[in-house]
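Everything below concerns the one structure shown next.
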Amino acid sequence: MRAVLLSSCAMPFAPSRDIVLVHSSDLHMDHDYTARLHGGDGTAGLSGVLAAARAAAADVVVLAGDTFDCHRLPTDLLERAAAIISAAALPVVLLPGNHDPAVPDAVYHGGALSAVDNLHVLGVTHDEAVLFADIGLEIWGRAHRDYGDMIPFEWLRPRSTRWQIAMAHGHYVPLPDRTSRLRPSWLIGDNELAATGADYIALGHWNRPAKVGTVAAYYSGSPEYAGTVNVVQLCADGKVAVTRAPLEIAREPSAVDYT
434 MRAVLLSSCA MPFAPSRDIV LVHSSDLHMD HDYTARLHGG DGTAGLSGVL AAARAAAADV
494 VVLAGDTFDC HRLPTDLLER AAAIISAAAL PVVLLPGNHD PAVPDAVYHG GALSAVDNLH
554 VLGVTHDEAV LFADIGLEIW GRAHRDYGDM IPFEWLRPRS TRWQIAMAHG HYVPLPDRTS
614 RLRPSWLIGD NELAATGADY IALGHWNRPA KVGTVAAYYS GSPEYAGTVN VVQLCADGKV
674 AVTRAPLEIA REPSAVDYT
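Quick note, the sequence shown lines up with residues 434 to 692 if you use our numbering.
What follows is the structure in structure tokens.
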């Protein structure tokens, strides 16, 4: 299926400084498996990601899906997560994934998370985009709104800012065959990535970090498997630089170090 561009408009004047983003995904905060890796603290991955973001002097943090393992989580865990995000004092843009979709009973509605001013949840607090006008940046993505299949880049968003970041949570294959029933869900293909026209595409769903496609599209990997976050520098001269910064957290026993 071809991605559909809704409209287009002119870009405003470019900002005069570099902008830094930190990209992570698949934190799977819980009170079970992930928590056991961290001595019972299911929010340790979040703390590590935000500490790395502060160390990188990030302007914005993007979490590309499955931040929470499910919506059946204890109140104290959600309150800890909310407190960690609030204390970071950094804008956090969160895209709901297949584990934590933007359903009516999602953890984002009500409770501690809904009161965090610097947390922006696509599909909940914002329909599909968050604008940071002071730095000429827009971050957009299609949230998972249920547990069924969807095409993350079925529709495209026109660029209205100097910098545009696209987010998606799904499985990359170069040439998706959506006619087959025996296939992964939430497929993302090369043509769809290229059609976004985004300066950087922040992907989630894979535990390992990887660059995919022919454009600047990257999986960050999950904190416990990758052991890193992606640090994205949007340079004033128009270039985009992507590096990985280590996390000071416990690792999944089966994790390997990716170069």
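Positions of the beta carbon are idealized from the N, C-alpha and C atoms, including for glycine.
Beta-carbon proximity list for residue i, same chain, < 6 Å, skipping 5 on both sides
i, result
"LEU483", "ALA521"
"PRO524", "VAL493, ASN551"
"ASP451", "GLN666, CYS668, ALA669"
"VAL554", "LEU527, TYR541"
"ALA649", "TYR633, VAL673"
Local conformation of residue i per DSSP, three classes
i, result
"GLY574", "strand"
"ARG677", "strand"
"LEU470", "helix"
"SER458", "coil"
"LEU506", "coil"
"ALA599", "strand"
"HIS637", "At residue 637 the sequence reads Gly, which differs from the His that was named. Strand, per DSSP."
"TYR651", "strand"
"THR594", "coil"
Of the listed residues the options, nearest to residue i (C-alpha basis)
i, options, result
"ASN531", "TRP639, GLU685, LEU667", "TRP639"
"TRP619", "ILE584, HIS504, VAL495, GLY472", "ILE584"
"ASP502", "ASP533, VAL495, THR476", "ASP533"
"ALA601", "ALA497, SER457, SER449", "ALA497"
Proximal residues to residue i (C-beta, below 7 Å), its chain only, five neighbours per side dropped
i, result
"ALA688", "GLU657, TYR658, GLY660"
"ALA443", "Because ALA443 carries a pLDDT of 40, less than 50, the predicted location of this residue cannot be relied on, and the following value inherits that uncertainty. Taken in chain order, the list of residues that qualify is empty."
"HIS559", "HIS553"
"SER480", "ILE517"
"SER457", "VAL482, LEU496, SER653, PRO656, VAL662"
One or two residues paired with residue i in a DSSP bridge
i, result
"TYR605", "ILE621"
Own chain partners of residue i with C-beta closer than 8 Å, once the 5 adjacent residues on each side are dropped
i, result
"SER613", "none"
- Message: Closer than 8 Å is the cut-off here; do at least three beta carbon pairs connect the region 568-575 with the region 456-472?
- Response: no
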